[in-house]
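For reference, the structure discussed in these notes is given below.
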Amino acid sequence: LGDWRIRGGIDFDFPAGTMLPADKALIVVPFNPLDTSNEIRLIAFRVHYNLDPTTVVLGGYSGQLNNDSERIRLERPVAGSLPKQWSAEEIVWYDDVAPWTTEADGTGNSLQRRAPVFYANDPHAWRGQSPTPGVALYTGNVRGDLNGDTLINALDLDALFTAFSRASQVALWDLDNSGTLDKGDIDYLLADVLQTKVGDANLDGRVDDLDFAIWYQARHATCMSSWSNGDFNGDGVVDVRDYNLWNANRDTASSAAVVRQTEAVFSTTADRRVAGRNRLGRSSVQV
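The sequence shown stops at residue 287 when you use this note's numbering, and every number in between is there.
This is the structure we're talking about:
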C-alpha cells in the first residue's frame with residue numbers, strides 16, 4: 001500500500017513498504033503509533049479492543065470524521081504519472097439518515113461493511129455494529145445476496161459467474177463452504193438458495209418454454225449477456241451451448257416443439273453458412 005492514501009474527512013498517506021496480507025485488516029488511528037510518546041496510548045488501545053498482537057496499527061491521520069455525514073476516498077497512485085496522480089479506488093459518502101442505517105448514530109456502534117465485494121457507496125452495504133478494529137466481520141449477509149441489494153436474483157448469479165471466471169479467492173463467494181470457489185457454489189446458489197436448475201432464465205422454479213423464449217429472443221447476443229436473457233454458463237454469450245443446458249434440464253412438461261424449432265433454426269443456419277463457405281472458400285462454420 002505504499003503511496004496509497006486516504007482523503008476526505010481525514011487525510012493519511014500509507015508509509016512506503018506497507019503490506020496488507022490477504023484476508024487481513026489494518027487500523028488507521030489519529031495518533032502516530034511509532035512515536036514513543038504514544039506508547040502508553042497504543043498499549044491502551046490494543047488492550048481496550050483486545051487486538052491480536054500481529055494487527056498492524058498505522059497513524060496518525062489528520063482531520064476528523066463527522067458523526068453526521070462524511071466523504072472518504074481510498075486512492076491509489078497512477079503508475080507512471082508525472083507529476084504523481086492518484087485514482088479513487090473506493091469512495092464512501094456516509095450519512096446518518098435513511099437509506100443509511102442509523103444503528104451507528106450516537107449508539108457507540110461503528111459502520112461496518114457487510115461484505116468486501118459490495119459497492120462501497122451503497123447504503124445497504126453497511127450496518128451498525130459494535131466496533132471490532134482489526135477484524136472484518138462480514139456477518140449477517142443474506143446467504144446468496146452477492147451484490148448487497150438485499151435480494152437474491154439473477155444479478156447474484158451473474159456476480160458469481162464473474163467471480164468464478166476471475167478465480168476469486170474472496171470467501172464471500174464460497175457458498176457451499178468447500179474452501180474454494182468452484183462450480184459447486186453455482187450449483188448451491190441455484191439448487192439450495194434459489195431452488196431451481198440451470199436454464200431457468202426467469203427464476204420461477206421451472207425450466208420451461210418461457211425460459212426458451214427468453215433464450216431464443218437473445219440468441220447470438222455477445223453484449224450485456226446475463227442469466228436473465230439466457231446466458232446459462234456465464235461465458236458472456238447467448239448461444240447454442242446455453243440452449244443445450246436449457247434442453248438438458250427442461251421440465252418434461254415443456255413442449256418438444258420448441259426443441260424441434262431450435263434444431264431447425266441451427267440446422268438451417270449451419271447449412272446457410274456452409275453454403276457461404278463453399279462459395280467464398282472459407283474453412284470454418286460458426287453456429
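Just so you know, even glycine gets a beta-carbon here, dropped at the ideal spot from N, CA and C.
Only a predicted model underlies this, so the values are computations on that prediction, with no experimental measurement involved.
(request) Confirm, please, whether the CB-CB distance from alanine 201 to asparagine 294 is below 8 Å. (result) The requested residue 294 is not part of the displayed model; the chain covers only 1 to 287.
(request) Going by DSSP, name the residue or residues bridged to phenylalanine 12. (result) Ile6
(message) Rounding to the nearest angstrom, what Cα-Cα distance links threonine 150 and histidine 124 in this structure?
(response) 8 Å
(message) Distance check for glycine 59 and isoleucine 72, CA to CA, integer angstroms please.
(response) 16 Å
(request) Count the C-beta pairs between the region 152-163 and the region 188-197 that are closer than 8 Å, then say yes if the count reaches three, no if not. (result) Yes, they touch.
(message) Please state whether the Cβ-Cβ distance between alanine 115 and leucine 175 is less than 8 Å.
(response) no
(message) Taking 8 Å as the cut-off, does the region 51-70 touch the region 20-33 (at least 3 CB pairs, one atom from each stretch)?
(response) Judged by Cβ distances under 8 Å, the region 20-33 makes contact with the region 51-70, as three or more pairs qualify.
(request) Answer with buried or exposed for aspartate 185, where buried requires no fewer than 16 other C-beta atoms within 10 angstroms of its C-beta. (result) By the 10 Å Cβ count, aspartate 185 comes out buried.
(message) Which same chain residues end up closer than 6 Å to glycine 281 when comparing Cβ atoms and leaving out the 5 residues on each side of it in sequence?
(response) Annotation note: pLDDT 40 at glycine 281 (below 50); position unreliable, coordinate value reported separately. Answer for glycine 281: no residue qualifies.
(message) Run through the DSSP bridge pairs and tell me what alanine 88 is partnered with.
(response) Glu75
(request) Consider the Cβ of leucine 20: report whether some Cβ of chain C lies at a distance smaller than 8 Å. (result) Note that chain C does not occur in the displayed structure, where there is just one protein chain.
(message) On the DSSP bridge list, what partners appear for isoleucine 27?
(response) Val57, per the DSSP bridge assignment.
(request) Identify whether tyrosine 49 lies in helix, strand or coil by the three-state DSSP scheme. (result) coil
(request) Could you spell out where the beta strand (DSSP E) holding arginine 241 opens and where it closes? (result) Here arginine 241 belongs to no beta strand (DSSP E); instead the alpha helix (DSSP H) covers 240-249.
(request) Give the C-beta separation of glutamate 75 and alanine 120 to the nearest angstrom, bearing in mind that I take them to be a contact with Cβ-Cβ under 8 Å. (result) The Cβ separation is near 13 Å, so there is no contact.
(message) Tell me the DSSP secondary structure of leucine 111 in three-state form.
(response) strand
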